[in-house]
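Step one of this worksheet: look at the structure below.
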Amino acid sequence: MKIAKNLVPSIAYQVRTQDGVLVDEAPVEQPLEYLHGHNNLVVGLENALEGKAVGETFEVRVKPEEGYGEYNDNMVQRVPKDVFMGVDELEVGMRFIADTDIGPLPVVITEVDGDEVVVDGNHMLAGQELLFSVEVVSIREATLEEIAHGHIHGEHGGCCGGHDSDEEDHGCGCGGHHHHHHHNGCSCGGHHHEEAHEGCCDEHHHHHHNGECCDEHHHHHHTADEKCNKQ
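The numbering of the sequence shown is my numbering, which starts it at 5 and goes up by one.
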């Protein structure tokens, strides 16, 4: 059996940036399982997996346009501090979920300037070329329900489900079981251009390092004049 649309491969992988920094991995013992052909992975990786068989290993370089998109300056905005209600002290590096006209969007604080805060809605890997080292661990048939819903079910959870994390955050992961994220990592999910897609949103246990992915606060704001309320 070879990987094709509506099959469910399990893959082990490592992802590195162009300068060699490891940002995400899933070992053979705890691989990523996903429904192929339904945009559950970045396009460059999913295309490279097409036609691969169990036991095959390969490397693929994924350019920004087939990964998390180019960096978009328009997704950097200056907003008043008072939209972040319920947070005692705002700091650079804090992450929130902003409720925008295009849906929920993860943002990170990049600057605190008096009564204003600069937030960046670009995916943390936007603009970067990524190197994936991959091994195909197994392939199975998808259920009719999985195909209808566009993601896997069962004990592995589904795409964009809730998180069962080891820390109190809204972390990014890949899909699969336990994944280890390093530095500014998060990979494998769909594109992150101007849409509100986060690259990682499956219902699994995640291990986060160096504060990447989402901060423990979950806020919503529509415009710079509206408030954010702590949930």
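Glycine is no exception: its CB is placed at the ideal position from the N, C-alpha and C atoms.
- Excluding residues up to 5 positions away in sequence, G125 and N126 lie with their Cβ nearer than 6 Å to the Cβ of M79 in the same chain.
- Around the C-beta of Q132, 16 or more other C-beta atoms lie within 10 Å, and the residue is accordingly described as buried.
- For the alpha helix (DSSP H) assignment, the uninterrupted runs of no fewer than 4 residues enclosed by the stretch 87-166 are, from N- to C-terminal side, 148-153.
- The shortest CA-to-CA distance from V32 to any of Y17, K85 and L39 is the one to Y17.
- Two segments are said to touch when three or more pairs of C-beta atoms, one from each, lie closer than 8 Å; by this definition the stretch 51-60 touches the stretch 134-144.
- For Q81, the beta-bridge partners assigned by DSSP are V123.
- As a beta-bridge residue in DSSP terms, V66 pairs with L134.
- Around the beta-carbon of I106, fewer than 16 other beta-carbon atoms lie within 10 Å, marking it exposed.
- By the 16-neighbour rule on beta-carbons within 10 angstroms, M128 is buried.
- DSSP, read as helix, strand or coil, puts L36 in strand.
- Judged by beta-carbon spacing, H155 lies within the 8 Å limit of N44, meaning their Cβ atoms are closer than that value.
- Excluding sequence positions up to five before and after S137, its CB lies within less than 6 Å of the CB of Q18 and E63, all in the same chain and listed in chain order.
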